[in-house]
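The sequence shown runs 1 to 318 under the numbering used here. Built from N, CA and C at the ideal position, the CB exists for glycine as well. Everything on this sheet refers to the single structure shown next.
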Amino acid sequence: MDFNSTCKDKKKSVDQSILLCCKFFISESRNIAVLDAIERAARLNPETVIVNKFEDRAYNRARYTLVSYVMHDCTGSAIYSPLQQTVVSMAEAAFNAINLELHDGAHPRLGVVDDIVFHPLARASLDDAAWIAKAVAADFGNLFNVPVYLYGAAHPTGKALDIIRRELGYYRPNFMGSQWAGWSLSEILPLNPDEGPVTVSRAKGISMIGARPWIALYNIPILSTNVSAARRIARKVSARGGGLPTVQTLGLVHGEDSTEIACMLLEPNQIGADRVQNRVEMLAAQEGLDIEKGYFTDFSPEMVIEKYMNLISANNRS
Ligand SMILES: *[C@@H]1O[C@H](CO)[C@@H](O)[C@H](O)[C@H]1NC(C)=O
């Protein structure tokens with residue numbers, strides 16, 4: 001028996017233990033009609049589930065956490081996931097409804113669909129996550145004419161998100177010293193994108209699309225409006241500033257009377273939220289500032305899987 005024919009004949013079936021998680025970050029949270037339109041686009045495909053949603057009005061930014069399965073051919077390569085079409089439909093709704101030129105907020109961003117990251121869940125691999133990131137990136141270039149930068153496992157040399165963002169000037173506020181508004185860079189990008197044109201539409205901006213092992217997102221409020229102090233603390237707690245390894249931070253204005261340290265924990269099982277909380281508390285005390293207990297902006301991977309399983313079986317029953 002020849003291997004190829006065996007391979008071809010093999011029936012593929014959905015395996016609900018090989019899952020991908022997508023975190024979809026958009027530059028809007030204040031306009032409910034826009035979020036509704038994006039959610040309606042997501043719901044067109046019942047095989048993909050919105051497991052969580054996080055909105056921040058001060059940042060004018062929202063994040064959806066989505067999950068679906070991924071299928072492989074008999075050689076083990078990923079070939080299909082319902083997530084791809086869902087993410088593209090959500091992006092289409094976002095590009096139709098959001099104009100980056102009219103957007104402002106207290107969180108950095110360079111696009112209407114600012115960032116999409118895929119994480120493997122359960123028995124899926126990082127290669128599966130990289131496969132879908134590249135497929136979605138190609139769709140962005142072809143369908144929306146939006147420049148895309150790939151990162152992490154989706155990038156040929158594994159380039160990290162923060163490196164690309166820094167090269168593009170992502171972290172520099174362009175409005176009132178601590179805010180971001182409109183498209184602030186040249187329309188000709190300083191760095192060639194991996195997909196799409198080198199010239200940007202100011203209304204859409206650019207998108208980052210990557211694949212990575214799980215990242216925990218943890219924010220710590222500081223009871224002070226002094227953003228220079230928040231930035232100093234953020235820098236000192238971060239790996240880049242010689243603080244905790246695998247921790248990335250941003251010190252941001254957060255509403256009328258506080259600031260916040262937004263943290264990405266790249267290895268949450270090694271350096272977790274408790275370590276970051278303690279370090280920020282110590283550094284804030286040195287500046288004479290009080291902080292609050294931080295909060296995760298999303299569920300743990302175990303909870304994400306559990307929610308997906310519950311929601312998908314509820315969908316199948318209805
Ligand atoms: C903000 O904090 C810095 C220390 O990081 C301090 O030098 C400065 O005076 C503070 N500004 C205000 C307005 O309190």
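Just verifying my parser: in three-state terms, what is the DSSP assignment at residue i?
i, result
"Q84", "helix"
"N212", "The amino acid at residue 212 is misidentified as Asn; the sequence shows Arg. In this structure, R212 counts as coil in the three-state DSSP scheme."
"R317", "helix"
"E256", "coil"
"N219", "strand"
"Q16", "coil"
"E306", "helix"
"L250", "strand"
"M264", "strand"
"Q277", "helix"
"I328", "Within the shown structure, residues of the chain are numbered from 1 to 318, placing residue 328 beyond reach of any answer."
"A239", "coil"
"M1", "Here the model assigns M1 a pLDDT of 44, short of 50, so the residue's position is not dependable and the matter cannot be decided."
"A203", "coil"
"L311", "helix"
"I271", "coil"
"V198", "coil"
For residue i, which residues of its own chain have a beta-carbon under 6 Å away from its beta-carbon, when the five flanking residues on both sides are left out?
i, result
"Y308", "V49, V51, V67"
"A135", "Q84"
"A93", "A37, I38, A41"
"T86", "A42, N45, T48"
"S13", "none"
Would residue i and residue j be called neighbours here (beta carbons separated by less than 8 Å)?
i, j, result
"M208", "D128", "no"
"S27", "H103", "yes"
"L289", "I222", "yes"
"L217", "F118", "no"
"A124", "M90", "no"
"T246", "I206", "no"
"A211", "A97", "no"
"P82", "N142", "no"
"L266", "I215", "yes"
"I116", "F24", "yes"
"F140", "E101", "no"
"V227", "I261", "no"
"E287", "A203", "no"
"L126", "I305", "no"
"A78", "L35", "no"
"T75", "D298", "no"
"I32", "V70", "no"
"V280", "I291", "yes"
Ignore the nearest five residues each way along the sequence and tell me which others in residue i's own chain have a CB closer than 8 Å to its CB.
i, result
"R30", "R57, N60"
"P319", "The structure shown does not extend to residue 319, since the chain is modelled only from 1 to 318, so the question has no answer here."
"Q179", "D104, G105, A106, P173, V253"
"A138", "E195"
Once the 5 residues before and after residue i are set aside, which same chain residues still bring their CB inside 7 Å of it?
i, result
"Y170", "P108, L110"
"A234", "T249, L250, G251, I261"
"M264", "I215, L217, Q248"
"E55", "S29, A62"
"I188", "V198, T199"
| field | Within the region 112-171, ranges of the alpha helix (DSSP H) (whole runs, at least 4 residues) | value | 126-139, 161-168
| Which full runs of the alpha helix (DSSP H) of 4+ residues lie inside the region 54-105, going along the chain? | 82-97
| At a cut of 8 Å, does the region 192-205 reach the region 251-265 through at least three beta carbon pairs? | no
| task | Pair every Cβ in the region 160-171 with every Cβ in the region 138-151, then say whether three or more of these pairs are closer than 8 Å. | result | yes
| said: Would you call the region 176-183 in contact with the region 106-113, where contact means no fewer than 3 C-beta pairs closer than 8 Å? | reply: yes
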